[in-house]
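Residue numbers (mature numbering (1 follows the signal peptide of the UniProt record, and there is no 0)): -20 to -1, 1 to 315. C-beta: ideal position from N, C-alpha, C; glycine also. On a predicted model such as this, the values are computed, not experimentally measured, just so you know. The block underneath contains the structure these notes are about, expressed in structure tokens.
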Amino acid sequence: MKIYLYLFVCLHLFAVRVHSLIDGLYCGRESCYDLLNVTRESSKQEIVKAYRTLAKKYHPDMARTVEDKQLYTERFRAFANAYEILKDEETRMDYDRMLDNPQEYYTHYYRYYRHRYAPKVDVRLVLFIVISVISAIQYYSQYSNYNAAIDYLVTLPKYRIQAQEIARREGLLSNADTSKKTRGRKAISKQEEEAIIRQIVQQKLDIKGGYKKPSITRILWLQMLLLPYYLFLKLKWHIRWFFKFHLNKHELGDEEKLYLICCYLKINREQFDSLTEKEQDQLWAQQTWIKENFLEWKREKDEEQKKKLNESGRYKAYRRYMKSGGPGQITFDAD
């Protein structure tokens, strides 16, 4: 008898735990379908029709007494919540899954709160907007930096004089001696001259680095779209390098030598192009694509840098300061 009683209690507790309707989830212990007077086979149109019928009947404004209004409010909230659950296909599918599989207790909690608190906006749309905004900022930054560089170069006498000479040769500017007829248009001609000089500087100068001409291929959208292509080119280049120069021992070309020089210097091609002609010629003359030659060149550069620092008065003062104790030294002022 005790065994049967024990089994009955266990089965009763187990049945309560795996009940298809869970407190705090969806419609609680009530069925969302029963609240709207529909079945699981009802279509979305039938659910909408049932909700509108109940809304007209149990809306709080339809109550005549205070007690009725309180009752109508509770009922209205109940079937409005049921309607919100059943009108969405994904939420309704999760609710039906809970009815069919009550034993998946924690899974139902996860699905319910995921729908309740997860953002309703599509993540793909958010990513699209974020990447688009970043791309727009990148292009605007390129455009601003390039214009700032042009504005600065136009003010430099070196480039300004060269641009004026080019403009005179091309007939865009008149000679320095102007006639009396054109002197009255001095302010206008000055603006035109500035525009012409600026245009020539843009055409003739190839600015490198972070201030170079803006390009749509350097924005994030294009970089992401072209990433597979860049990876393919990189892989192809390394395979070609391995078979051509490691296996077949071919002689290095100028592009391959330049690649090795940039690798040893730990810079990219644009940074190499921004070096002065003297520095580039020195690297080529000493054949720094050969590692032994590069190490020798680097040692010479380090020695030159040390000599310059030793001759610098500021560096000497810094060394004396560090020898005397540096930032941790204690000094006493004599009274």
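Quick one: what's got a C-beta closer than 6 Å to residue i's C-beta in the same chain, skipping five residues either side?
{"i": "residue 273", "result": "266 and 267"}
{"i": "residue 237", "result": "269"}
{"i": "residue 17", "result": "30"}
{"i": "residue 240", "result": "269"}
{"i": "residue 24", "result": "none"}
Give me the Cα-Cα distance between residue i and residue j, rounded to the nearest whole angstrom.
{"i": "residue 205", "j": "residue 114", "result": "15 Å"}
{"i": "residue 226", "j": "residue 220", "result": "10 Å"}
{"i": "residue 132", "j": "residue 261", "result": "28 Å"}
{"i": "residue 43", "j": "residue 34", "result": "13 Å"}
{"i": "residue 38", "j": "residue 55", "result": "7 Å"}
{"i": "residue 179", "j": "residue 213", "result": "36 Å"}
{"i": "residue 230", "j": "residue 223", "result": "9 Å"}
{"i": "residue 60", "j": "residue 48", "result": "18 Å"}
{"i": "residue 242", "j": "residue 217", "result": "16 Å"}
{"i": "residue 149", "j": "residue 103", "result": "58 Å"}
{"i": "residue 152", "j": "residue 184", "result": "15 Å"}
{"i": "residue 198", "j": "residue 14", "result": "59 Å"}
{"i": "residue 12", "j": "residue 208", "result": "50 Å"}
{"i": "residue 105", "j": "residue 76", "result": "29 Å"}
{"i": "residue 21", "j": "residue 110", "result": "42 Å"}
{"i": "residue 84", "j": "residue 4", "result": "15 Å"}
{"i": "residue 275", "j": "residue 294", "result": "29 Å"}
{"i": "residue 28", "j": "residue 71", "result": "15 Å"}
{"i": "residue 170", "j": "residue 145", "result": "16 Å"}
{"i": "residue 136", "j": "residue 232", "result": "41 Å"}
{"i": "residue 281", "j": "residue 288", "result": "11 Å"}
{"i": "residue 200", "j": "residue 244", "result": "28 Å"}
{"i": "residue 210", "j": "residue 253", "result": "21 Å"}
{"i": "residue -13", "j": "residue 88", "result": "For residue -13, the predicted model reports a pLDDT of 42, less than 50, meaning its position is unreliable and no value from the coordinates is stated."}
{"i": "residue 68", "j": "residue 10", "result": "19 Å"}
{"i": "residue 234", "j": "residue 172", "result": "44 Å"}
{"i": "residue 317", "j": "residue 96", "result": "An answer regarding residue 317 cannot be provided, because it is not within the stretch -20 to 315 covered by the chain."}
{"i": "residue 248", "j": "residue 256", "result": "15 Å"}
{"i": "residue 26", "j": "residue 32", "result": "10 Å"}
{"i": "residue 279", "j": "residue 112", "result": "47 Å"}
{"i": "residue 50", "j": "residue 119", "result": "60 Å"}
{"i": "residue 45", "j": "residue 52", "result": "10 Å"}
{"i": "residue 64", "j": "residue 251", "result": "60 Å"}
{"i": "residue 81", "j": "residue 19", "result": "18 Å"}
{"i": "residue 318", "j": "residue 58", "result": "Outside the shown range of the chain, which is -20 to 315, sits residue 318, and nothing can be said about it."}
{"i": "residue 285", "j": "residue 292", "result": "11 Å"}
{"i": "residue 283", "j": "residue 259", "result": "16 Å"}
If we count the other Cβ atoms within 10 Å of its Cβ and call it buried at 16 or more, is residue i buried or exposed?
{"i": "residue 73", "result": "exposed"}
{"i": "residue 93", "result": "exposed"}
{"i": "residue 129", "result": "buried"}
{"i": "residue 62", "result": "buried"}
{"i": "residue 91", "result": "buried"}
{"i": "residue 6", "result": "buried"}
{"i": "residue 122", "result": "buried"}
{"i": "residue 215", "result": "exposed"}
{"i": "residue 107", "result": "exposed"}
Which same chain residues, not among the five before or five after residue i, have their C-beta less than 8 Å away from its C-beta?
{"i": "residue 277", "result": "262, 263, 266 and 268"}
{"i": "residue 134", "result": "140, 143, 174, 177, 178 and 181"}
{"i": "residue 126", "result": "187, 191, 192, 193 and 194"}
{"i": "residue 124", "result": "none"}
Quick one: residues in its chain with C-beta nearer than 7 Å to the C-beta of residue i, no 5 flanking neighbours on either side, listed in chain order?
{"i": "residue 202", "result": "196"}
{"i": "residue 147", "result": "153, 176, 177 and 180"}
{"i": "residue 158", "result": "At residue 158, the pLDDT of 46 sits below 50, so the modelled position is not reliable and the matter cannot be decided from this model."}
{"i": "residue 117", "result": "none"}
{"i": "residue 86", "result": "none"}
Counting along the chain, where does the alpha helix (DSSP H) carrying residue i start and finish?
{"i": "residue 320", "result": "With the chain covering only -20 through 315, there is no way to say anything about residue 320."}
{"i": "residue 366", "result": "This structure cannot settle anything about residue 366, because the visible part of the chain is limited to -20 through 315."}
{"i": "residue 127", "result": "103 to 135"}
{"i": "residue 150", "result": "No alpha helix (DSSP H) contains residue 150, which DSSP labels as neither H nor E."}
{"i": "residue 243", "result": "234 to 245"}
{"i": "residue 83", "result": "Residue 83 -> no alpha helix (DSSP H), and no H or E assigned at all."}
{"i": "residue 322", "result": "Examination of residue 322 is not possible in this model, given that the chain is present from -20 through 315 alone."}
{"i": "residue 36", "result": "24 to 38"}
{"i": "residue 7", "result": "Residue 7 -> no alpha helix (DSSP H), and no H or E assigned at all."}
{"i": "residue 253", "result": "249 to 253"}
{"i": "residue 15", "result": "12 to 15"}
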